[in-house]
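*Asks:*
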Amino acid sequence: MKTFRVNLWRHITAWVLIAFTAFPIYVVVMSSLDTSGGLLTTSLIPPEMGFDNFAKLFNDDQIPFMTWVKNSLYVASITAVVSVFMGAASAYAFSRLRFKGRKLGIQALLLIQVFPSFLALSAIFVIMGEVYKVFPAFGLGTTGGLLLIYLGGSMGINAWLLKGFIDSIPAELDESARIDGATASQIYWLIFFPLAAPVLAVVTLLSFIGTFNEFVLASLFLTDVDQRTVAVGLQQFIGGKFDQNWGPFTAGSLLASIPIVIIFLSLQRYIIGGLTAGSVKG
Amino acid sequence: MLYRLAGFRGLPATILKFILLAIVDIIGGIAITQAIAGRATVMIVVLAAILLGVNYVYLFRAPVQWKFLTPGLVFLAAFVLTPIIYTVGMSGFNYTTGNEISRDEAIAALVDNSLAEDPEGTAYDITLGKDSNGDMSALMMNQIDGVVSLATLDGVTPLEEGTYELSEFGVPNAAEGFTAYTPDEIAELGDKITEVRFPLGDGSFASPIYEELAVRLTQDLTYDPKTDTLTSMSTGIVYKDNGNGNFADPADPDNQDSKLYPGWRAVNFPDNFKGLLFDPEIRNPFIGVFGWTVAFAFLSVITTFAVGLTLAIAMDKPIRGRRMYRSILILPYAIPGFLSILIWRGMFQRDFGIINRLLTDFGLISANIDWFENTWTARAVILIVNLWLGFPYMYLIASGALQAIPAELKEAAAIDGASPFQSFRQIVLPLLLQILNPLLISSFAFNFNNFNIIYLLTGGGPRDELNGERAGSTDILISYAYQTAITNPLDQNFGLASAISLFMFIIVGVLSMWSLRRSKALEEF
């Protein structure tokens with residue numbers, strides 16, 4: 012009991028913050044189950060509970076939720092896989108190969124990856140508007156164009172993140188293969204790639220979450236209801252009509268969050284490792 | 011060894027490589043063809059350079075690192091570097107709604123748009139068809155003088171009586187070298203009919219209104235390339251280039267009404283920057299936005315770090331339930347941010363939001379508060395929501411850093427008689443700040459550009475839209491740039507938005523360099 016009293020303030024701090032953390036989550040769960048469908052008006056516990064709001068997501072033509080989910084999955088998985096493939100190759104070159112201009116290249120990469128690509132959004136808007144005139148499949152207002160911008164934007168950060176991981180994989184194996192006469196691409200595909208597969212999978216998933224959660228560029232590009240990702244779709248759906256659409260919106264939010272939260276929590280270790288890697292070393 | 015057993019050296023790998031390269035070449039080839047068709051010179055050059063480069067790297071013995079770097083570099087250069095360079099360029103232009111096209115396009119559009127029906131109201135009864143070249147042409151009869159002529163895209167030839175035939179309504183409908191369209195062909199042409207201009211030779215045109223009637227259009231403005239002026243036939247005004255992307259009446263070149271639209275994007279460097287610094291109408295909102303951006307980013311870092319650090323210290327001992335606490339407390343970091351923000355926005359909604367409801371129930375307020383209509387409550391809401399979103403991150407990095415501080419230091423302090431608070435204040439905290447400094451700076455930079463929270467929570471408002479105010483009182487630089495460049499299609503200013511973006515580039519760049527130096531990341535390789 013004595014240790015509990017000594018630690019009492021620790022528990023109180025934790026519980027105060029848990030209340031703060033859990034409050035909106037509780038509200039969302041309750042609102043999604045509230046069959047009246049409006050903002051929570053009467054009490055913290057809805058008088059009638061049911062799954063009407065969830066059913067609406069799948070039946071109501073006004074909310075093509077499944078289409079949005081499909082679009083999000085499509086955009087986010089292509090971005091994640093392709094950008095990790097390309098980023099891994101660049102990261103490998105910077106980590107393992109020795110060539111002139113390597114140091115300069117890494118510094119340039121480090122500098123580029125700090126600028127989020129949406130900082131140049133007015134330029135992107137204008138450029139992709141021009142691209143649309145020539146390539147209607149890849150300009151402003153198209154999923155293809157959005158994909159291209161995502162691929163470019165995630166290249167810097169993914170290459171940088173992967174370089175950190177690759178640096179921590181021992182180089183002995185590559186070296187022995189090189190002594191045996193293997194070429195750089197053989198070493199990459201046959202020795203390094205299988206070895207780094209778990210790490211690549213983690214970065215792919217992180218990149219997937221990042222793209223899934225992206226809003227600014229997606230809202231700039233995806234104007235058609237049927238093209239929207241979950242982020243843009245739900246934002247447009249709720250925008251200005253909080254009182255009417257709150258119920259289905261919270262249900263959709265809940266469904267969209269759960270897989271992301273699960274992926275995130277299972278990758279916790281890597282995320283936290285990645286967060287502090289840069290600083291603790293110094 | 012492994013790679014020999016796999017037989018990767020040799021045929022299969024080479025074939026795979028050629029297949030991939032062939033796919034890239036085919037896609038690239040199609041793209042270049044389309045670019046040529048669209049006459050996009052810049053894109054043709056860029057695409058060709060990329061395609062040649064890629065083929066060189068993978069077909070010839072280019073240095074091996076290029077085989078690894080090329081795919082990533084192409085995307086980085088095309089979709090990250092190009093927009094940055096473009097931003098720099100655009101900031102030197104008058105690039106606004108009404109000034110979006112090139113100078114030649116603008117002149118062509120001005121001349122073309124100045125077509126008007128002639129004052130006498132000349133009209134023609136027509137029959138549309140094909141001339142001997144297969145191009146669209148028309149047999150027309152002037153309704154006033156009854157002269158019949160064959161109009162083609164090249165000009166007009168009057169026809170002698172007897173060389174044409176009239177229909178039952180007295181409209182010429184057959185002549186040599188002329189084939190009338192069938193009703194199906196007319197239907198297929200649709201609205202294209204009204205875009206046709208048959209030159210009449212005196213600077214005016216005959217233009218069909220529908221398939222049986224054309225009117226005479228005269229052109230009010232004529233462009234003279236020698237003097238580079240546009241002259242109006244009706245008013246006699248000679249318009250000159252005002253040096254800022256428009257032709258204007260030289261008597262009053264700065265008056266909005268004397269400018270001709272569309273204009274073109276003209277170099278006006280350094281007007282956009284000068285405006286931000288000296289023109290009170292642009293400068294004052296900019297300074298306001300800039301001040302709030304810095305305050306918002308700073309306060310966000312301070313509040314999230316204070317709460318995160320307190321939590322990290324509280325959880326630094328293996329207390330009961332720590333794992334459970336921890337997995338709940340990092341949820342805000344795991345839930346997609348855009349959703350959390352929208353949910354908070356619903357909770358702060360004036361009439362139905364749970365927050366006003368609870369405050370009323372507890373008797374704290376008597377009337378619902380309109381959180382987003384008042385500058386200060388809106389700002390407070392932003393900081394509260396950002397605290398919710400951000401404290402778990404700070405908790406995670408602070409607890410990581412706490413573990414990195416050797417326990418001996420604290421023990422030594424305790425032996426020397428320091429109280430726990432003293433040891434924290436004088437030993438732990440300085441070390442912690444030193445370790446976390448780069449991450450705190452990055453966090454500042456992140457919040458500096460935290461578009462989502464502003465855009466989704468308040469939309470930058472409250473904003474006095476009736477008075478045409480662009481900068482809302484919770485706008486930060488990035489949302490202000492968005493507002494300036496994109497939100498209102500009738501009032502876009504890409505040049506100014508790019509100048510604002512450049513300020514952000516510089517600030518983010520300086521902050522990041524500072525942070526990287528602190529973490530010594532730059533010296534590691």
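Residue numbers (our numbering), protein chains in the order written: chain A, 12 to 293; chain B, 11 to 535. For glycine and all other residues, C-beta sits at the position ideal for the given N, C-alpha and C. None of the values given here were measured: they were computed from a predicted structure.
1) How big is the Cα-Cα spacing for B:M151 and A:F248?
2) Kindly give me the distance between the Cβ atoms of B:A276 and B:S268, rounded to whole angstroms, as I take these residues to be in contact under 8 Å.
3) Would you kindly report the start and end of the unbroken alpha helix (DSSP H) that includes B:Y220?
4) Can you give me the C-alpha to C-alpha distance between B:S522 and A:S101, rounded to a whole angstrom?
5) On a CA-only basis, which of B:L21, B:A126, B:F306, B:I247 is nearest B:A537? Give me that one, please.
6) Which same chain residues, not among the five before or five after B:W398, have their C-beta less than 6 Å away from its C-beta?
7) Would you mind reading off the limits of the alpha helix (DSSP H) that contains B:E175?
8) Can you tell me where the alpha helix (DSSP H) holding B:N396 begins and where it ends?
9) Quick one: give me the first and last residue of the beta strand (DSSP E) that B:V158 is part of.
10) Using a Cβ-Cβ cutoff of 7 Å, what residues of the stretch 499-518 of chain B are near chain A? List them in chain order.
11) Residues of the stretch 81-112 of chain A with a CB closer than 7 Å to any CB of chain B: list them in chain order, please.
12) Taking only three categories from DSSP, how would you classify A:T53?
13) Considering only residues of the stretch 478-502 of chain B, which uninterrupted alpha helix (DSSP H) runs meet the minimum length of 4 residues and lie entirely inside it, listed in chain order?
14) Classify A:A104: buried if its beta carbon has 16 or more other beta carbons within 10 angstroms, exposed otherwise.
15) For the stretch 17-72 of chain B, which segments carrying the alpha helix (DSSP H) assignment without a break, of at least 4 residues, lie completely within its bounds, in sequence order?
16) Name, in chain order, the residues that DSSP records as bridge partners for B:V166.
17) If contact is defined by three or more beta carbon pairs under 8 Å, each pair taking one atom from either stretch, is the stretch 61-78 of chain B in contact with the stretch 227-245 of chain B?
18) If you draw a straight line from the C-alpha of B:K27 to the C-alpha of A:A267, how long is it?
19) If you measure between the beta carbons of B:L138 and B:Y191, is that distance less than 8 Å?
20) When we look at the beta-carbon of A:F275 and count the other beta-carbons within 10 Å, is it buried (16 or more) or exposed?
21) If we count Cβ pairs, one from each stretch, closer than 8 Å, do we get three or more for the stretch 211-231 of chain A versus the stretch 76-87 of chain A?
22) Contact criterion: CB-CB distance below 8 Å. Does A:P127 meet it with respect to chain B?
23) Is A:I29 close to the ligand COA? I mean its beta-carbon at under 7 Å from any heavy atom of the ligand.
24) Pull up the CB-CB distance for B:I45 and A:V145, whole angstroms please, since I reckon it's below 8 Å.
25) Is it the case that the stretch 122-134 of chain B contacts the stretch 209-227 of chain B, given that we only count it when at least three CB pairs across the two stretches are under 8 Å?
26) Give, in chain order, every unbroken run of the alpha helix (DSSP H) that is at least 4 residues long and sits entirely within the stretch 444-480 of chain B.
27) In terms of residue numbering, what span does the alpha helix (DSSP H) encompassing B:S529 cover?
28) Let me know if B:W354 comes out buried or exposed under the rule of 16 or more other beta-carbons within 10 Å of its beta-carbon.
29) Which parts of the stretch 177-251 of chain B are runs of the alpha helix (DSSP H), unbroken and 4 residues or longer, counting only runs that do not cross its ends?
30) Output, in chain order, the set of chain B residues within a Cβ distance shorter than 8 Å of A:G164.
31) To which residues does DSSP link B:M150 through a beta bridge?
32) Alpha carbon to alpha carbon, what distance is there between A:P147 and B:L500?
33) Is A:L121 close to chain B? Criterion is C-beta to C-beta, closer than 8 Å.
34) For B:D114, does the three-state DSSP call read helix, strand or coil?
35) Tell me the rounded alpha-carbon separation between A:W79 and A:K67.
36) For B:V395, I'd like the list of residues in its chain whose CB is within less than 7 Å of its CB, leaving aside the five on either flank, ordered along the chain.
*Replies:* According to the data block:
1) Taking the straight line joining both Cα atoms gives about 57 Å.
2) Contact between B:A276 and B:S268 fails: their C-beta atoms lie close to 17 Å from each other, not under 8 Å.
3) Here B:Y220 belongs to no alpha helix (DSSP H); instead the beta strand (DSSP E) covers 215-220.
4) Each residue's Cα considered, the two are about 22 Å apart.
5) The requested residue 537 of chain B is not part of the displayed model; chain B covers only 11 to 535.
6) Once the five neighbours on either side are set aside, the close Cβ partners of B:W398 are P342.
7) Secondary structure note for B:E175: it is in no alpha helix (DSSP H), and the uninterrupted beta strand (DSSP E) holding it is 174-176.
8) Counted as a single uninterrupted DSSP element, the alpha helix (DSSP H) harbouring B:N396 occupies residues 385-414.
9) Counting along the chain, B:V158 sits inside the beta strand (DSSP E) bounded by residues 158-162.
10) Those residues of the stretch 499-518 of chain B placed with their C-beta closer than 7 Å to a C-beta in chain A are F504, A507, S508, S511, M514, F515, V518, ordered along the chain.
11) Closer than 7 Å at the C-beta level to chain B, one finds these residues of the stretch 81-112 of chain A: M97, G98, A100, S101, Y103, A104, L108, F110.
12) At A:T53 the pLDDT is 48, less than 50, meaning the model places this residue with poor confidence; the figure from the coordinates comes in the next sentence. Coil, per DSSP.
13) Entirely contained in the stretch 478-502 of chain B, the alpha helix (DSSP H) runs reaching 4 residues are, in chain order, 487-492.
14) By the 16-neighbour rule on beta-carbons within 10 angstroms, A:A104 is buried.
15) Within the stretch 17-72 of chain B, the complete alpha helix (DSSP H) segments at least 4 residues long are 21-47, 51-69, listed from N- to C-terminus.
16) B:A161.
17) Contact between the stretch 227-245 of chain B and the stretch 61-78 of chain B is absent, with fewer than three C-beta pairs closer than 8 Å.
18) Looking at the two C-alpha atoms, the distance is approximately 39 Å.
19) Yes, the Cβ-Cβ distance between B:L138 and B:Y191 is below 8 Å.
20) Buried is the call here.
21) The answer is yes - the stretch 76-87 of chain A touches the stretch 211-231 of chain A, with three or more Cβ pairs under 8 Å.
22) So, interface residue.
23) As for the ligand COA, it is missing from this structure, which has no ligand bound.
24) At residue 45 of chain B the sequence reads Ala, which differs from the Ile that was named. That belief holds up - the Cβ atoms of B:A45 and A:V145 are roughly 5 Å apart, short of 8 Å.
25) Cβ pair count under 8 Å is three or more, so yes.
26) Entirely contained in the stretch 444-480 of chain B, the alpha helix (DSSP H) runs reaching 4 residues are, in chain order, 461-467.
27) 504-529 is the extent of the alpha helix (DSSP H) around B:S529.
28) Its Cβ being crowded by 16 or more others within 10 Å, B:W354 is buried.
29) Uninterrupted alpha helix (DSSP H) stretches at least 4 residues long and entirely within the stretch 177-251 of chain B occur at 193-199, given in chain order.
30) The CB of A:G164 comes closer than 8 Å to the CB of F89, V90 in chain B, given here in chain order.
31) Under the DSSP definition of a beta bridge, B:M150 partners with B:I136, B:S159.
32) Approximately 23 Å between the Cα atoms of the pair.
33) Interface flag for A:L121 against chain B is set, since a Cβ pair is found closer than 8 Å.
34) Here B:D114 sits in helix by DSSP.
35) Near 14 Å, if we compare the C-alpha coordinates of A:K67 and A:W79.
36) Cβ-Cβ distances below 7 Å link B:V395 to I351, W354, I463, L467 in the same chain, with the five nearest sequence neighbours on each side left out; the list follows chain order.
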